[in-house]
Amino acid sequence: MEIQDNKSTLEVTPRNDEKIKKIWKTAGILLAITVAEFIMAFTMDRGILLYALFIILTIWKAKYIMMEFMHLGDEVKPLFYSIIVPLIFLVWLLIALAKEGSDIFMMRW
């Protein structure tokens, strides 16, 4: 009867500087958008312009995170559009519901 020697070997891959540079670039872009949102929050007057800019920048950040960290940028375009197009319609639905709700509230008073 033989005893098998099951030694697992761990292979360490060399550091990939291109991937590290891409991660830092992504973090820098997300940081820049967040800093822009932070500055706008404390310098601009409250109103529809500020809220619209927040919504646009938030969607932009969500798209960028999906493309980079969820690796959807490397996928086929129909998969990408199957995620983004419903998001656009969902945002449109929220805006339409808020508008209709405020109009109905104004009609009652």
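Read in order, the letters of the sequence shown are residues 86 to 194 in the numbering used here. Every residue, glycine too, gets a C-beta built ideally from N, C-alpha and C.
TODO: Below 6 Å CB to CB, which residues in the same chain sit around I118 once its five sequence neighbours on both sides are set aside?
DONE: L142, K146
- [ ] Express the C-alpha separation of L175 and Y166 in angstroms, rounding to a whole number.
- [x] 14 Å
Open item on the list: I want to know whether the stretch 145-159 touches the stretch 103-115 - three or more CB-CB distances under 8 Å.
Closed with: yes
TODO: Please name the residue, chosen from K107, L115, V161, L182, that lies closest to K148 on a Cα-to-Cα basis.
DONE: L115
Task: Opening and closing residue of the alpha helix (DSSP H) in which V161 lies - done: It is not in any alpha helix (DSSP H) - V161 carries neither H nor E in the DSSP assignment.
- [ ] Could you check what DSSP says for V97 in three-state terms: helix, strand or coil?
- [x] coil
- [ ] May I ask which residues mark the beginning and end of the alpha helix (DSSP H) holding L134?
- [x] 133-153
Open item on the list: Please identify the residue among V161, G132, L138, I169 whose C-alpha is closest to the C-alpha of I150.
Closed with: I169
TODO: Output the distance between the C-alpha atoms of P198 and E160, rounded to the nearest integer angstrom.
DONE: The chain is shown only over 86 to 194; residue 198 falls outside these bounds and no answer can be derived.
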